[in-house]
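The next block holds one structure in the form of structure tokens; read it before the comments.
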Amino acid sequence: MNTTMFLFGFLSALASIFVWRAFQLKRFDLSDELLNLKPDDHHWGNLGYWENTQDYGEACRQLAMKVGDQAALDQTSDILDVGFGCGDQLILWHQHYRVKTISGVNTSQAQVGLAQKKLRFEGINAFLHHYDHRAINNQADRNFSHVLSVDAAYFFDERDQWFKQVHRVLKPEGKLVVTDLVIPHPPSDLLQEFIMRSLLWLCGIPKDNVITLDAYKQQLTEAGFATVSEADISDAVMDGFAHWLPTYRQQFEGVGSLPIWQKYQATAKILSWLRKHDLLRCYLICAQR
Numbered sequence: 044m045n046t047t048m049f050l051f052g053f054l055s056a057l058a059s060i061f062v063w064r065a066f067q068l069k070r071f072d073l074s075d076e077l078l079n080l081k082p083d084d085h086h087w088g089n090l091g092y093w094e095n096t097q098d099y100g101e102a103c104r105q106l107a108m109k110v111g112d113q114a115a116l117d118q119t120s121d122i123l124d125v126g127f128g129c130g131d132q133l134i135l136w137h138q139h140y141r142v143k144t145i146s147g148v149n150t151s152q153a154q155v156g157l158a159q160k161k162l163r164f165e166g167i168n169a170f171l172h173h174y175d176h177r178a179i180n181n182q183a184d185r186n187f188s189h190v191l192s193v194d195a196a197y198f199f200d201e202r203d204q205w206f207k208q209v210h211r212v213l214k215p216e217g218k219l220v221v222t223d224l225v226i227p228h229p230p231s232d233l234l235q236e237f238i239m240r241s242l243l244w245l246c247g248i249p250k251d252n253v254i255t256l257d258a259y260k261q262q263l264t265e266a267g268f269a270t271v272s273e274a275d276i277s278d279a280v281m282d283g284f285a286h287w288l289p290t291y292r293q294q295f296e297g298v299g300s301l302p303i304w305q306k307y308q309a310t311a312k313i314l315s316w317l318r319k320h321d322l323l324r325c326y327l328i329c330a331q332r
């Protein structure tokens, strides 16, 4: 490995990420509107699933549908979505699967307010609250058939304890379905490990969440889940977003110069670097009670 190039890439990403950290208090606000500047009325905020599309809204819909299909949602489903953003996935799941009940928690008050407005407009009853993932601790035992989380679980503090609470609130044979990030193997190079962990920390991902897939599955087993399955979706998710963003930004002169764009530029650069060195992968994970 060329150490000079390696450090140059790290420092370039670090310079961008400092700007990102300046916006940490807004990480879960309405800034994702910048990714939704096409005429379509949506407010998606995930990395997307980039299969046969270069449209952000369609990519996000595809990722949400991957989660819904894996969960086998239907008219009997009582779902709890942890980190539902502005509610687009909730509307999608209601319209496509006709789910029975919808509950959700989300850390951004602005997003919760917009989601409530959007669901009311669609005539969808939902119980949405401004709170973080630990709100699950206050839910009754065996209250949901599904707990879902799209592009959010890697931010959860004490995620292993959250798994245990998810197991508690799920009905018999209920499912937890998430998209999450894992490392494929412990880094063999100390410099790579330092850079990887530094970048992920700057992104707001707790260090205890940076674990291998085997360790991740072990946490789910220890939480009480009977079966765990996974699918590697890194190419369609991480690579797809990283390749799409620069081209998308070029379409919007003026808007593309806003400082908040540094947040998304940093995301694309970090994803590209981590994928290039195979230091991080994205999985669709399903755990059944």
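In my numbering, the protein residues as written are 44 to 332. Cβ atoms here follow ideal geometry from the backbone N, Cα and C, with glycine treated the same way. These figures come from a predicted structure and were not determined experimentally.
In the three-state DSSP reduction, Val209 falls in the helix class (H, G or I).
With contacts defined as CB atoms closer than 8 Å, Ala114 and Val220 qualify as a contacting pair. A residue is called buried once 16 or more other Cβ atoms fall within 10 Å of its Cβ, and Asn168, having fewer, is exposed. For Met281, same chain residues with a beta-carbon under 6 Å away, outside a window of 5 residues either side, are Leu314, Arg318 and Cys325 in chain order. Taking all protein chains shown into account, Thr222 has 16 or more neighbouring C-beta atoms within 10 Å of its C-beta and is therefore buried. In the assembly as shown, Ala330 is a buried residue. Its beta-carbon has 16 or more other beta-carbons within 10 Å. A distance below 8 Å between beta-carbons, with the five flanking residues on each side excluded, links Asp72 to the following residues of its chain, in chain order: Ser151, Ala153 and Gln154. A Cβ-Cβ contact shorter than 8 Å links Leu213 with Arg332.
His176 is positioned such that its CB atom lies no closer than 8 Å to that of Lys218.
Your pair Leu90 and Phe284 checks out as a contact, with CB atoms roughly 5 Å apart and the cut at 8 Å. For Gln331, there is no enclosing alpha helix (DSSP H); the enclosing beta strand (DSSP E) covers residues Arg324 to Gln331. Residue range Gly283 to Gln293 is occupied by the alpha helix (DSSP H) that includes Phe284.
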